[in-house]
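Have a look at the structure below, then the notes.
There are 2 protein chains.
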Amino acid sequence: MRYLQTFRLIEAVARAGSMRKAAQDMNITASALNRRINRFEDEFGAELFERLAGGVRLNPAGELVLHHYRATLSDLSRVQGQVADLSGERRGHVSIACSQALLPYFLPRQIARYRAEHRGVTFSVNVRDRAQAEQELATYSSDLALVFEPVYLVDFEVVHVAPQAVNVVMRADHPLARKPELRLRDCLDTPHVAPSAKFGVRHLLDFAARRGTRRVSPVVETESFELIRHYVLHEGVIGFQIPIGLRDPGDGSIVFRPISERDLPPGNLILGQMRGRTLPVASARFAMQLSTALKDYPGEMR
Amino acid sequence: MRYLQTFRLIEAVARAGSMRKAAQDMNITASALNRRINRFEDEFGAELFERLAGGVRLNPAGELVLHHYRATLSDLSRVQGQVADLSGERRGHVSIACSQALLPYFLPRQIARYRAEHRGVTFSVNVRDRAQAEQELATYSSDLALVFEPVYLVDFEVVHVAPQAVNVVMRADHPLARKPELRLRDCLDTPHVAPSAKFGVRHLLDFAARRGTRRVSPVVETESFELIRHYVLHEGVIGFQIPIGLRDPGDGSIVFRPISERDLPPGNLILGQMRGRTLPVASARFAMQLSTALKDYPGEMR
DNA sequence: GCAGGTGGTGCATTTTTTGCACCGCATCGG
DNA sequence: CCGATGCGGTGCAAAAAATGCACCACCTGC
């Protein structure tokens, strides 16, 4: 849609922090860009940027305008989706921000299932931590967010909640593997690998540990859940993960056990969208599929 | 905002039902208009109009696009209002669709009170019957609707409810004026003036009368509540009205009495907005003022 | 005080949009 | 049956708008 070009330019300037840089990014002269911005500010009736010595920065009015633009864009693509839909094409695009735990099994399967029925629908999957995911919704960068223990922000509208107990993952020959359920103190007494602070699993662990006046002191701390799963194979340590990101490989090499609910209540895996927003058809349908899939998914193990 | 011109043209074509007529309305050549429409359809990826022999008509895709445009426009003006607001100006515009009963006393007073504090805010008051008022919200033609007994449509979001008992209005020397409360049968036995079927008051009367296997048979039927109020002065008949549209003139020429709740439950005067829409600041504030004013307003008489 | 960055501007050039004339087509009325 | 009329669409030249280029004034940091 060419008529939104000016907004695209505004966004570019906001991102670049300088008109000249933005002009380069958008393959246009700084002069042309400058004039479009100025003209828009005239028509709109207010300046959008603070003119500083080293460039420009959005002022509050600019923030509002940019938000309006993103909302408009989102609504427009929703309309395009609906139009394609009523011509019987079932086209569209779903963008989802999610936690890492969804990557190995759950999401690939769900996306494949959806695409099996609607070949015209494409996906973008953005891995974000729980804070970023909500930001992603607020800027209309993603339609949906599926995150473990999000930091309830105002704009986050919960679509579905799936409880997930934190599990311990370890090699099958680990001493703790003999018990069907583990106590938190046993885990903390054992050398362990843990995700870094910005993840929900770690947040729950830290919280529960503090309650017992203990501390989580990982031998390896990482941002990658995949690394955790693989690391426990190389050293006799334990890792933490939620069941939706786990699956028994079948060769008996690895096992997982839930941590007792007495020590650690289940966290919530939450599917959400931007509050009050009307989602494109494809996203709305996919969200429904996710909801029912999550309902049937085992909260404990699998 | 010039960049929305194409949408304005689309709207004009939809309204005129023909490109040539729309071109005249918009002071532009039919050729230019035609090309803009065609180009937009190209970019958008779908036709918006059915090309008929005698002109064009919006197809479903076009309806969606037009709705998107109106929503965009509404959001944009909201943003403009907010921007003006944060520069401390308190500007804005409030458009309200309302029933006739609000015209003589309630709305003028409320608007004046609001404008006394915010001189920069302007108003448009559109008198609509209860069906039209909801339509008005759905097309973003009005921000608020204040209607008696609306025909609950899906897009109508209730902001406030104020019960209003139907009152009988008559000259002070009318025989029925002696009773403090009237029965419906007495009213129907007396020559009466009533509003036409599309109004809430009449709807309630018809409903209640049918329950008692009676019929409302007015000697004068009108769309004007003002006419009703004045007509009862000239002939010894009674009229029907809700208390918010009534006020004792003080000279004792006219009186009003409620109809017993046994015969006729109070109707609801409802303040509403388009579902899910974020109102401009001025409209939102005015809606709050209306809510509190309605809460204090007598539901019976005054 | 100079070098390198910024936003803004006058003017010629390029791109886009518009107006005019005209086409093919469907409908309607004699 | 056949013009007359009104419709959407198109080729081409004119008008209007956006752009690129060169340049200005300004600020900042070295």
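Going down the list, the sequences are from chains W and V.
Numbered per this note's numbering, the first sequence spans residues 1 to 302.
Numbered per this note's numbering, the second sequence spans residues 1001 to 1302.
From the three backbone atoms N, C-alpha and C, an ideal C-beta is built for every residue, glycine too.
Treat the numbers as computed from the prediction; the structure is a model and nothing was measured.
Proximal residues of chain V, C-beta to C-beta of residue i below 9 Å
i	result
histidine 68 of chain W	Thr1072, Asp1075, Leu1076, Arg1078 and Val1079
glutamate 43 of chain W	Met1001, Arg1002 and Tyr1003
Where the alpha helix (DSSP H) containing residue i begins and where it ends
i	result
threonine 6 of chain W	5-16
threonine 1222 of chain V	Note, threonine 1222 of chain V: premise wrong, no alpha helix (DSSP H); beta strand (DSSP E) at 1220-1222.
leucine 1204 of chain V	1200-1211
glutamate 1043 of chain V	1030-1044
valine 1281 of chain V	1281-1296
alanine 1131 of chain V	1130-1138
aspartate 186 of chain W	184-189
glutamate 1303 of chain V	Nothing in the structure corresponds to residue 1303 of chain V, since chain V is present only between 1001 and 1302.
glutamine 1110 of chain V	1106-1117
Contact with chain W by residue i, beta-carbon distance below 7 Å
i	result
arginine 1302 of chain V	Bear in mind that a pLDDT of 39 at arginine 1302 of chain V, under 50, signals an unreliable position, so the number given afterwards is only what the model happens to contain. No - not a single Cβ of chain W is within 7 Å of the one on arginine 1302 of chain V.
glutamine 1273 of chain V	no
methionine 1288 of chain V	no
Contact set between residue i and chain V, taken where Cβ atoms lie within less than 7 Å
i	result
valine 83 of chain W	Ala1046, Ala1061 and Leu1064
Listed by chain order, chain V residues near residue i by CB distance under 8 Å
i	result
leucine 86 of chain W	Pro1060 and Ala1061
C-beta neighbour in chain V for residue i, strict 7 Å
i	result
glycine 276 of chain W	yes
arginine 36 of chain W	no
glycine 299 of chain W	Low confidence applies to glycine 299 of chain W: its pLDDT is 48, below 50, so where it sits in the model is not reliable, and the reading given next is rough at best. It does not: the Cβ of glycine 299 of chain W has no partner Cβ on chain V nearer than 7 Å.
Range covered by the beta strand (DSSP E) that runs through residue i
i	result
alanine 1022 of chain V	Element bounds for alanine 1022 of chain V: not the beta strand (DSSP E) but the alpha helix (DSSP H), 1019-1025.
phenylalanine 1148 of chain V	1144-1148
glycine 55 of chain W	55-58
isoleucine 1254 of chain V	1254-1258
glutamate 50 of chain W	49-52
methionine 1274 of chain V	1267-1274
histidine 230 of chain W	Per DSSP, histidine 230 of chain W belongs to no beta strand (DSSP E); it is in the alpha helix (DSSP H), 225-234.
alanine 194 of chain W	192-195
Amino acids of chain W, ordered along the chain, whose beta-carbon sits closer than 7 Å to that of residue i
i	result
threonine 1006 of chain V	Tyr3
Residues bridged to residue i (per DSSP)
i	result
phenylalanine 311 of chain W	Summary: the structure shown does not reach residue 311 of chain W, with chain W confined to residues 1 through 302, and so no result is reported for it.
serine 124 of chain W	W/Ser95
valine 161 of chain W	W/Ile270
Check: residue i C-beta below 6 Å from any heavy atom of the ligand NAD
i	result
glycine 1245 of chain V	What this structure holds is no ligand at all, so the ligand NAD is not there to describe.
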